[in-house]
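The sequence shown lines up with residues 4 to 424 when you count with the working numbering.
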Amino acid sequence: MKVGIIGSGGREHALCLSIKQSSKVEKIYCFPGNAGTSEIAQNVEIDLSDFNKIKEYSITNEINLLIVGPEKPLVDGIVDFFNDSGINIFGPDKISSQLEGSKIFTKKICEDYKIPTAKFGIFGNSSQAISFLDNAQFPLVVKADGLASGKGVYICENKASAEIGIKEIFNGKFGIAKDILIEEFLDGEEMSYFIVSDGKKIKSFETAQDHKRVLEGDKGANTGGMGAYSPSRLINPTLEEKILNKIIKPTIQALRDMGSNYKGFLYAGLMIVKGEPYLIEYNVRMGDPECQTILPKLKTDLLEIIEACCQEKLKDLKIEWHDKKSLCIVLCSKGYPDKYNNEVLIDNIEKLSLTKNDFIYHAGTKKIENKIYSNGGRVINFVSLSSNFKKSRDKALELINSLDWSGGFFRKDIGHKVIDE
Ligand code: AMP
Ligand code: GLY
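If you want it as structure tokens, here you go:
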């Protein structure tokens, strides 16, 4: 089978490496991929918004299956676009992708299907939103409706900071804003819960916790993710049942009622408050770096899982996992998430010695004349699996330190809640 993977980050390198292990794979293409994927797949330089080009290339090269990593093409309807192409494409359609494409769409589902979430209001202009603040309780959360690469969320301690958020959003910082969401601040502990779905049946696809803030102690600006660990310390059978019955299943039913059968990975960002799960947000894909953290634990052939989803046969497949603690540390370019330099040479990477429990996934990297250079804010993911999180973190740190890349920085405290507390 020939497989195409859409995307260029650490998540896509991890998908690529897992798919590569399947005996059913003949060749992998990555659109556009990175230096890591180029070692095991053919990178194809195509603008991801040009669905026609991706389709033409896939037909010419007889690609049988496309796996979509990032949210943007999903929200823009790439799955619907491939509907009559004869090529299987793994990911949710345009209706279902609204779960990530519009936070207000998701909130309305929560309201209609009684899914636990933070109380909220929707406002159509800034004066309406600002006057609501007069009688509001702080902290509260101001959110842009659409895709904002994780940046359209303001946790506000007072009226002044909420006003800044409201104005920035309505002034178009995250694209044209018709409406804005203001919600209650939930005080609890976060966790991410993943499922995979074939449109008929859903199966759990592990839990994780990421660290979004740039500085140690979970301080500083939000990033795409500085590291993660799996499983979450919060998960237990009672909580899992609540997550499935109160949140995931009603959501899948809501989409079905709209005429969309959810196919693909679904990532629920949750806040757990006194043992009760509340939905914060959905992502219609695997997380990054959660994907890199979770996939090394997967025992079952990933391609078999995805094929079963395409054929609506997930019911018949048992998904098995290694009982290990996985921890991922992201090596970033100095300056990220603000300004940083690209094309900084990364040498020594091939000299690192990995055991079967260590994994290196490229993200923002590219090859120039057989040398590896940085090409983005998040550059390389170091993942290690072991019997406890401390050992996993020590090993990931040892690998990063032995790479000793002068262009980078990383957080040394990933997993502090499960290691140090
Ligand atoms: P989101 O992009 O919606 O996941 O929001 C980014 C981060 O903001 C989340 O991971 C939470 O840490 C935080 N957050 C979002 N909504 C809330 C809320 N209602 N209460 C508390 N924290 C929140
Ligand atoms: N790690 C957060 C995300 O993938 O959106």
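Glycine is no exception: its CB is placed at the ideal position from the N, C-alpha and C atoms.
Bear in mind the structure is a predicted one, so any value in this text is a computation, not a measurement.
Give me, in chain order, the residues of the same chain whose beta-carbon lies closer than 6 angstroms to that of residue i; leave out the 5 immediate sequence neighbours on both sides.
i	result
I92	L69, V82, F85
A165	L136, V145, C159
A151	F177
G94	V71, L77, V82, G267
A311	L317, L320
E103	E74, Y285, N286, V287
Round the Cβ separation of residue i and residue j to the nearest angstrom and send it over; I've been treating them as touching at under 8 angstroms.
i	j	result
L273	I283	6 angstroms
I403	L320	About 36 angstroms; that fails the 8 angstroms criterion.
S25	L305	7 angstroms
I322	I251	So it is not a contact: roughly 16 angstroms between Cβ atoms.
N384	G13	4 angstroms
At the level of alpha carbons, what is the spacing between residue i and residue j?
i	j	result
D96	D182	23 angstroms
T120	E192	14 angstroms
I308	K266	12 angstroms
E244	G290	22 angstroms
I185	S235	28 angstroms
K370	S195	33 angstroms
V71	D407	33 angstroms
V78	R259	17 angstroms
G411	S389	25 angstroms
K302	I107	37 angstroms
L355	L247	41 angstroms
T210	W324	12 angstroms
S130	F123	17 angstroms
I161	I8	The question names Ile, but residue 161 is Asn in the sequence shown. Using only the alpha carbons, I get a separation of about 44 angstroms.
F392	K398	10 angstroms
G29	F188	In the sequence as presented, Gly is not what sits at residue 29; that position holds Glu. Taking the straight line from one Cα to the other gives about 49 angstroms.
H214	E293	10 angstroms
L400	I125	44 angstroms
A44	K316	27 angstroms
G153	D53	24 angstroms
S395	I349	24 angstroms
Y157	A163	12 angstroms
V421	N239	15 angstroms
Can you find the residues in the same chain that come closer than 8 angstroms, C-beta to C-beta, to residue i, ignoring five residues on each side of it along the sequence?
i	result
N128	F173
A257	I112, D115, Y116
I90	K58, S61, I62, I66, N67, L68, L69
R216	K222, G223, A224, N225, T226, M229
I352	I363, I375, I383, L406
Within the same chain, show all residues whose beta-carbon is closer than 7 angstroms to that of residue i, passing over the 5 residues directly before and after it, in chain order.
i	result
G39	H16, Y364, H365, T368
S263	D96, I98, S99
G10	G72, P73
V425	Here the chain comprises residues numbered 4 to 424, so residue 425 is not present and cannot be evaluated.
L237	E192, M194, I275
K169	The question names Lys, but residue 169 in the sequence shown is Ile. Hits under 7 angstroms: S129, A132, I133, V145, I183.
S180	In the sequence as presented, Ser is not what sits at residue 180; that position holds Ala. So the list reads A147, D148, I172, F173, once near-sequence residues are dropped.
Secondary structure, beta strand (DSSP E): runs of 3+ residues fully inside the region 22-62: Runs found: 30-35.
Three-pair Cβ contact test at 8 angstroms for the region 168-180 versus the region 190-200: Taking 8 angstroms as the limit for Cβ pairs, the verdict is that the region 190-200 does not touch the region 168-180.
Contact the region 354-374 vs the region 11-22: 3+ CB pairs below 8 angstroms: Counting Cβ pairs under 8 angstroms, three or more are found: they touch.
Unbroken stretches of the beta strand (DSSP E), 3 residues or longer, contained in the region 78-163: Residue ranges of uninterrupted beta strand (DSSP E) with 3 or more members, entirely inside the region 78-163 and ordered along the chain, are 91-93, 123-126, 143-147, 156-159.
Touching by the beta-carbon criterion (3+ pairs, under 8 angstroms), the region 4-11 and the region 330-347: Too few Cβ pairs lie closer than 8 angstroms, so no.
Segment contact flag, the region 219-234 with the region 54-68, C-beta cutoff 8 angstroms, min 3 pairs: Touching, no, given that fewer than three Cβ pairs across the two stretches are closer than 8 angstroms.
Segments of 3+ residues assigned as beta strand (DSSP E) that fall wholly inside the region 260-342: Correct list: 266-276, 279-286, 328-336.
Stretch pair the region 214-231 + the region 410-420: three plus CB contacts closer than 8 angstroms: Yes, the region 214-231 touches the region 410-420.
Three or more C-beta pairs below 8 angstroms linking the region 295-305 and the region 321-332: The region 295-305 vs the region 321-332: in contact.
3 or more residues per run - each beta strand (DSSP E) lying fully within the region 347-405: Every beta strand (DSSP E) stretch that sits fully inside the region 347-405 and reaches 3 residues is listed by chain position as 361-365, 368-371, 374-377, 381-389.
3 or more residues per run - each beta strand (DSSP E) lying fully within the region 213-269: Qualifying beta strand (DSSP E) stretches, in chain order: 222-233.
Below 5 angstroms from a heavy atom of the ligand FMN - residues by beta-carbon: Among the ligands present in this structure, namely the ligand AMP and the ligand GLY, the ligand FMN is not found.
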